[in-house]
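Trainee: Numbering (the working numbering), first residue to last: 40 to 188.
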Ligand SMILES: Nc1ncnc2c1ncn2[C@@H]1O[C@H](COP(=O)(O)OP(=O)(O)OP(=O)(O)O)[C@@H](O)[C@H]1O
Ligand SMILES: [Mg+2]
């Protein structure tokens, strides 16, 4: 798939989080999928995953140097069927980030997007500690395992 593209990936090693493995896989697929899609017009794309301090919280992030978006509409990104790109350059339904937000919230975390039109985007998310997650998902306690992203 798209072997002609030039993309550099910088992925932090050994990042450990608590969460539901299959749901967190959906999160990562959507965030990396968006990073991949919205950098498709770049001659040289950069996509990065890491962990940083965001407002005193340990947050994971996915960053790209793609099309970015205007921050004035940033909160709408997470609404179902809401797409900020109206140029028709990129295909999509506008459901990925809404799903991601629900998954992150069910883990007791938050997700925010920061971007600049034409420059790129970064999505930061937290997952709360295991105790909080277990109290939200008591019926699924047996499935709470450590996930390596
Ligand atoms: N990495 C990104 N760079 C620039 N804009 C983004 C990025 N990720 C999301 N967006 C903006 O947020 C909107 C919502 O993202 P979302 O993933 O929900 O939808 P989509 O990618 O358009 O479609 P779908 O994920 O359903 O295939 C996108 O239409 C786009 O405008
Ligand atoms: Mg998407």
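Backbone N, C-alpha and C define an ideal beta-carbon position, used for all residues, glycine too.
#1: Can you give the beta carbon distance from residue 150 to residue 158, rounded, assuming they're within the 8 Å contact cut?
#2: Assuming residue 78 and residue 118 form a contact by the criterion Cβ under 8 Å, report the distance between their Cβ atoms to the nearest whole angstrom.
#3: At a cut-off of 7 Å, is residue 62 close to ligand 1 when judged by its beta-carbon and the heavy atoms of the ligand?
#4: Between which residues of its own chain and residue 143 is the CB-CB distance below 6 Å, once the five residues before and five after are set aside?
#5: Please report the straight-line C-alpha distance between residue 47 and residue 84, rounded to a whole angstrom.
#6: Please go through the same chain and pick out, in chain order, the residues whose beta-carbon is closer than 7 Å to the beta-carbon of residue 122, but skip the five residues on each side of it.
#7: Between the alpha carbons of residue 106 and residue 59, how many angstroms are there, rounded?
#8: Of the residues 88, 136, 67 and 126, which one's Cα is nearest the Cα of residue 102?
#9: My output table needs one value for residue 151: the three-state DSSP class, helix, strand or coil.
Mentor: With the given structure in hand:
#1: Counted from its first residue, the chain shown places residue 150 at position 111. Counted from its first residue, the chain shown places residue 158 at position 119. Residue 150 to residue 158, Cβ: 20 Å. No contact.
#2: Taking the chain shown and counting its residues from 1, one reaches residue 78 at position 39. Taking the chain shown and counting its residues from 1, one reaches residue 118 at position 79. Their Cβ separation, rounded to whole angstroms, is 23 Å, which puts residue 78 and residue 118 out of contact at 8 Å.
#3: Residue mapping note: residue 62 aligns to position 23 of the chain shown, counting from 1. No, Cβ of residue 62 sits at least 7 Å from all heavy atoms of ligand 1.
#4: Locating residue 143 in the chain shown gives position 104, where the first residue counts as 1. Sequence-distant Cβ neighbours of residue 143 in its own chain, meaning closer than 6 Å and more than five residues away, are 150 and 164.
#5: Counting from one through the chain shown, the residue named residue 47 turns up at place 8. Counting from one through the chain shown, the residue named residue 84 turns up at place 45. The alpha-carbon separation between residue 47 and residue 84 amounts to approximately 6 Å.
#6: Counting from one through the chain shown, the residue named residue 122 turns up at place 83. These residues qualify, in order along the chain: 131 and 133.
#7: Counting from one through the chain shown, the residue named residue 106 turns up at place 67. Counting from one through the chain shown, the residue named residue 59 turns up at place 20. Residue 106 and residue 59 have their C-alpha atoms roughly 31 Å apart.
#8: Locating residue 102 in the chain shown gives position 63, where the first residue counts as 1. The option with the nearest alpha carbon to residue 102 is 88.
#9: Looking up residue 151 in the chain shown gives position 112. Three-state result, residue 151: strand.
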